[in-house]
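Only one structure is covered here, and it is reproduced in the block below.
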Amino acid sequence: MPTALTNREALRRKRRGREVRRRRLRLLGLVTLLVIAVVSWVVVAWARDDVDASSPAAGTDATALPVASGVTAHPVFGRINDKNLVLPVDAEAVSIIAYHSVNHEGSVALSPLGERVDGNLVARGVERVIAGPADIRYHVLESRGRVVTETGAVDIGAPVGSPITSPVTGEVTSVKAYKLYGKYDDYQVDIRPKSESDVIVSLLLVADPRVHINQTVEAGKTVIGAVREPIPELAERLTSLTGDSGSHVHLQVTSSPAPLD
81 MPTALTNREA LRRKRRGREV RRRRLRLLGL VTLLVIAVVS WVVVAWARDD
131 VDASSPAAGT DATALPVASG VTAHPVFGRI NDKNLVLPVD AEAVSIIAYH
181 SVNHEGSVAL SPLGERVDGN LVARGVERVI AGPADIRYHV LESRGRVVTE
231 TGAVDIGAPV GSPITSPVTG EVTSVKAYKL YGKYDDYQVD IRPKSESDVI
281 VSLLLVADPR VHINQTVEAG KTVIGAVREP IPELAERLTS LTGDSGSHVH
331 LQVTSSPAPL D
């Protein structure tokens with residue numbers, strides 16, 4: 081009798097041992113799956129960070145784009161006095177809107193619209209103008225000692241070949257070929273805005289001009305030319321911010337009373 085009990089007890093212990101081992105194996109399997117899942121997530125996260133870090137826009141979020149998605153192709157981005165300036169390049173192509181100083185005595189200060197996003201860049205004295213959601217985001221570059229006006233010009237970054245349209249409605253007063261820095265072929269197109277006859281809006285860094293003197297142009301519609309190949313001496317300041325070639329169109333406004341008829 082004791083022998084039978086002993087055998088049954090041994091059998092029960094053996095079964096319990098097998099069950100314990102099965103439970104341990106199941107637990108080990110679950111832990112292994114959990115470890116694999118965590119490691120996989122970490123690897124994917126690192127890979128995503130590496131891709132983001134290699135992007136020119138690394139360190140910025142969608143709200144830092146120069147023009148918010150979904151806006152019109154040529155939104156108003158600034159003003160001359162009470163006259164609107166529309167983007168001369170399609171909004172989706174714009175890489176940066178960067179105001180800077182000029183040393184021309186006749187320069188007219190531009191009034192930026194939107195949200196200034198370059199708090200760490202040194203230019204001072206320009207107030208941020210925000211009316212509702214900020215669709216336009218701009219930089220103001222360090223003056224480098226040129227203090228006639230800190231927003232006397234604006235560079236609009238865009239890929240080479242992008243169409244340039246007129247930023248104002250008005251009349252073309254000049255289409256001039258010249259040598260920039262004495263060595264780069266370039267064109268300057270001057271436009272006198274309608275109802276703002278005492279100023280001239282000038283576009284520089286223009287290739288393939290498509291307008292002529294006395295031609296009437298319409299803001300955001302009439303094609304003036306195209307964005308030219310970048311000039312190293314001018315592109316470097318934008319390249320450090322955009323990570324691209326720095327190609328752009330340059331816009332400035334000067335005081336120029338209309339001639340008497």
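Under the numbering used here, the first residue of the sequence shown carries the number 81, and numbering increases by one thereafter. Where is the CB? At the ideal position from N, CA and C, for every residue including glycine. A quick note: this is a predicted structure, and the numbers were derived from the prediction, not measured.
- Relative to the Cα of Asp-278, the nearest Cα in the group Arg-103, Ile-160 and Asp-215 belongs to Ile-160.
- Taking C-beta atoms as the reference points, His-328 and Gly-237 count as a pair closer than 9 Å.
- Cβ-Cβ separation between Thr-249 and Glu-298: approximately 5 Å, consistent with a contact (criterion under 8 Å).
- For the set Glu-251, Tyr-179 and Leu-285, the Cα lying nearest the Cα of Tyr-261 is the one of Leu-285.
- Taking all protein chains shown into account, Gly-232 has 16 or more neighbouring C-beta atoms within 10 Å of its C-beta and is therefore buried.
- One alpha carbon belongs to Val-333, the other to Val-197, and they sit about 23 Å apart.
- In the same chain as Ile-293, and ignoring 5 residues on each side of it, the C-beta atoms closer than 8 Å to its own belong to Val-252, Thr-253, Ser-254 and Val-255, in chain order.
- Looking from the CA of Val-188, the closest CA among Ser-282, Arg-103 and Ser-223 belongs to Ser-282.
- Each residue's CA atom was taken as its position, placing Phe-157 and Ile-176 some 12 Å apart.
- Per the coordinates, the alpha-carbon of Asp-162 lies some 14 Å from the alpha-carbon of Pro-247.
- One Cα belongs to Ile-116, the other to Gly-109, and the distance between them is close to 11 Å.
- Scanning its chain for C-beta atoms nearer than 7 Å, with the 5 sequence neighbours on each side dropped, one finds around Glu-316 the residues Gly-326, in chain order.
- In this structure, the beta-carbon distance from Ile-304 to Val-291 falls below 9 Å.
- Arg-93 sits in a helix when the DSSP states are folded into three classes.
- The DSSP-derived three-state label of Gly-250 is strand.
- Per DSSP, the beta-bridge partners of Lys-256 are Gln-268.
- Distance from the Cα of Ala-287 is smallest, within the candidate group Lys-274, Tyr-179, Thr-302 and Asp-265, for Asp-265.
- The alpha-carbon of Arg-106 is positioned some 26 Å away from that of Glu-89.
- Burial state of Val-111 is exposed, judged by a 10 Å Cβ sphere holding fewer than 16 other Cβ atoms.
- Linking Gly-241 to Pro-337 through their CA atoms gives a straight-line distance of about 33 Å.
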